[in-house]
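Here's the structure, in C-alpha cells; my notes come after.
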Amino acid sequence: MGSSASSCSDPRRRTASSPTNAASSIVADTVGEHHDLTIDGYSRTKAILPNGKCASSRPFTAGGHEWGIEYYPNGKLLPGDADVIQLFVHLRRAKTKGGEVVAQVEMTLLDEDGNPHRAGVSGTSKIERFAANGVGTGFRMKRDKFEQAGYAKYDRFTVRCVVTVFRGCQAAEQAAPPVVVPPPDMHLHMSGLLSSKDFADVIFELDGGETFTAHRCVLAARSPVFKATLCGSKENAATTVVRIKDIMPEVFAALLSFIYTDSFPEVEEEQLQPMALHLLIAADRYDLRRLKLMCEDKLHRRIDANNVVITLMVAAWHHCHELRRACIEIITSSEKLEAIKATEEFEILVTRCPSIVEEIMSKLAARLGKNVDKCFQ
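Structural data, given as C-alpha cells:
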C-alpha cells in the first residue's frame, strides 16, 4: 500500500501550542472624597466644651452620602477620657435603601501649609458598615502629647478626613499600561536659567550693593510693573542696570525665584512668617497677585499674639482684607490682649492706624458688653 500524508495538523495540538492572550481583573469599585476640618481657637474649645460635649462640622458628601465629623476636645464617653482629644466620623444620611454604607475612613493631621504633618499623625479605620445616625468611627490622641508636639502651635489645627465608599465589585478588562507622561518640569528649567545667568540682559543693584541678574523678557511677562520699568520707553529698554531701594537681598532673591518658577521659595519654618510678610509687600509693589495671595495665606495660618499687630498693619496697608479681618478677630478674642497692647507694634498701630484701633474697640465693646475706652488709655 502506498503511503499518504495529510497537510492538516492535529487540531488538539494547534490549540495547545497557540494560546489566546487575554486578561481580566475583578475591581472593587470605590469612590473617595476628603473634607478638611479646621479647629480655630483650640484653647477656647477646651474651655467651653466639657467631657461628652462636641462641636460638629458642616455636612459633606462622599460617595453620594452625607457625612459629618464630631470634635470632642475633652473626650466623648467617660470621665476617664477627659484628657484626650477625640474625633468621630459618622454617616448622617445614606442615599441607598436600608441606610447602610460600607466605607473606610482615614484622618490625617495637616501642617500650617495644608500638607500632611511631618510627624505622620494619622489613622485609618478598618473597612466597616456605617448606619445613618449611628455611632461612627473615632480617632483619639492624648491631649498633653498633642500640645507638647506643637500641633496646635497657632491655637488652631486642621484634620483631613478621607472617606472611601465601597460600591461593590465588577469585572473589567485589563488594558495595557498607557504611555507614562512625566510631570511638568518647566519650573526646573526656568530656575536653572535664573541661576546660570545665561542670556541675562539686566542687572538689579540693591541699596547694600548686592546685584542680581535676570532676563527682562521674563520679568516683563510676569509683572506689569517690571514691564513698565524695563520696556516702557526706549530709554528704559536700553537700561542694563536698575537700582532697587527698600528691599532686602533675600526677599528680592525670593521674588525673582517666584517670577521664574511660580512657586513659593523654600524657607525654614522659623523664617517663613517674616519672609512671607516682606514678600507680601514686594509682591504688592510689583503687582504679583498670585504671590501676594500665597503670602497672605501663609501669614493667615501663622497668626499668633506675638505677630498679630505687625501682620494687621501690613494687611491694612496692602489691602489684604481677609487677613486684616482675621487679625482683628484674634486681637478681640485673645486671652493675651494685655500682652498685645504692651508691644511696641501696638503703640505704632495706635498712632498710625487710629481707625483700626476704633474698630478693635468697637468689637471688644460688643463682645464684652461694656465701654472699653479705658483699656486703650
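According to my numbering, the sequence shown is numbered sequentially starting from 727. Beta carbons are placed, not taken as given, at the ideal position from N, Cα and C, and that holds for glycine.
Beta carbon of residue i nearer than 9 Å to that of residue j
| i | j | result |
| --- | --- | --- |
| Thr-987 | Met-916 | yes |
| Ile-795 | Leu-763 | yes |
| Tyr-880 | Ile-1036 | no |
| His-1004 | Ile-970 | no |
| Glu-1085 | Ile-1054 | yes |
| Ala-1091 | Ile-1066 | no |
| Asp-839 | Arg-1027 | yes |
| His-913 | Tyr-877 | no |
| Gly-849 | Glu-832 | yes |
| Lys-802 | Asn-841 | no |
| Gly-758 | Val-944 | no |
Cβ neighbours of residue i in the same chain (closer than 7 Å, five flanking residues each side left out)
| i | result |
| --- | --- |
| Cys-1079 | Met-1039 and Ala-1042 |
| Asn-1033 | Gln-999 |
| Asp-933 | Lys-971 |
| Gly-790 | Lys-821 |
| Leu-1094 | none |
| Ala-1052 | His-1026 and Ile-1029 |
Chain-order list of residues whose beta-carbon lies under 6 Å from that of residue i (same chain, five-residue window excluded)
| i | result |
| --- | --- |
| Glu-1022 | Cys-1046 and Leu-1049 |
| Glu-792 | Pro-785, Arg-818 and Arg-819 |
| Ile-985 | Arg-948 |
| Ala-1002 | Cys-1021, Lys-1024 and Leu-1025 |
| Arg-855 | Glu-826 and Val-828 |
Residues bridged to residue i (per DSSP)
| i | result |
| --- | --- |
| Cys-887 | His-761 and Met-833 |
| Val-968 | Phe-930 |
| His-816 | Gly-794 |
| Glu-1071 | In the DSSP output, where bridge partners are listed per residue, Glu-1071 has none listed. |
| Ile-811 | Met-867 |
| Gly-894 | Its beta-bridge partners do not exist; DSSP assigns none. |
| Ala-940 | Val-928 |
| Thr-987 | DSSP output for Thr-987 lists no bridge partner at all. |
| Ala-1091 | Its beta-bridge partners do not exist; DSSP assigns none. |
| Gly-849 | Met-833 |
| Thr-756 | Phe-892 |
| Ala-781 | Tyr-797 |
| Val-1040 | Its beta-bridge partners do not exist; DSSP assigns none. |
| Ala-788 | His-791 |
Rounded separation between residue i and residue j - CA only
| i | j | result |
| --- | --- | --- |
| Glu-931 | Ile-765 | 45 Å |
| Leu-1025 | Ala-947 | 27 Å |
| Ala-857 | Glu-826 | 5 Å |
| Ser-949 | Ile-1057 | 35 Å |
| His-760 | Val-907 | 26 Å |
| Pro-938 | Val-967 | In the sequence on display, residue 938 carries Phe and not Pro. So the alpha carbons of these two residues sit roughly 10 Å apart. |
| Ser-783 | Glu-1071 | 36 Å |
| Lys-823 | Gly-894 | 15 Å |
| Leu-920 | Leu-1019 | 23 Å |
| Leu-836 | Asp-870 | 18 Å |
| Lys-952 | Ser-851 | A quick correction: the sequence has Phe, not Lys, at residue 952. Computed Cα separation, rounded: 53 Å. |
| Lys-1062 | Leu-982 | 38 Å |
| Val-1076 | Glu-996 | 28 Å |
| Thr-890 | Ala-788 | 7 Å |
| Arg-738 | Pro-904 | In this prediction, Arg-738 scores a pLDDT of 46, lower than 50, which makes its location untrustworthy; no coordinate-derived value is stated. |
| Ala-1178 | Ser-989 | The structure shown does not extend to residue 1178, since the chain spans only 727 to 1103, so no value can be given for it. |
| Val-1104 | His-816 | Outside the displayed range of the chain (727 to 1103) lies residue 1104, so it cannot be described from this structure. |
| Arg-942 | Ala-773 | 56 Å |
| Leu-1017 | Glu-936 | 23 Å |
| Ala-875 | Glu-1073 | 34 Å |
| Gly-806 | Ser-769 | 20 Å |
| Lys-1089 | Glu-961 | 53 Å |
| Ser-959 | Gly-918 | 29 Å |
| Lys-910 | Ala-1068 | Residue 910 is actually Pro in this sequence, not Lys. Going by the C-alpha atoms only, they are around 50 Å apart. |
Nonlocal neighbours in the same chain, by C-beta distance under 8 Å from residue i, ignoring five residues either side
| i | result |
| --- | --- |
| Val-994 | Looking at the sequence provided, one finds Glu at residue 994 rather than Val. Contacts found: none. |
| Lys-767 | A quick correction: the sequence has Gly, not Lys, at residue 767. Closer than 8 Å at Cβ, skipping near neighbours: Asp-881, Arg-882 and Ser-1059. |
| Thr-965 | Val-928 and Leu-956 |
| Thr-771 | Ile-765, Ala-781, Tyr-797 and Pro-799 |
| Asp-1013 | Ser-949, Pro-950 and Val-951 |
| Lys-779 | Tyr-798 and Asn-800 |
C-beta neighbour in chain B for residue i, strict 9 Å
| i | result |
| --- | --- |
| Val-810 | Chain labels in this structure do not include chain B; a single protein chain is all it has. |
Mind the definition here: the region 922 to 931 touches the region 847 to 867 only if three or more C-beta pairs lie below 8 Å; say whether that holds.
Counting C-beta pairs with one atom in each stretch, the region 922 to 931 and the region 847 to 867 have fewer than three that are closer than 8 Å, which means they do not touch.
At a cut of 8 Å, does the region 975 to 983 reach the region 1003 to 1018 through at least three beta carbon pairs?
Three or more beta-carbon pairs drawn from the region 975 to 983 and the region 1003 to 1018 are found closer than 8 Å, and the two stretches are therefore classed as touching.
Using a Cβ distance threshold of 8 Å, determine whether the region 800 to 811 contacts the region 865 to 873, with at least three qualifying pairs required.
The region 800 to 811 vs the region 865 to 873: in contact.
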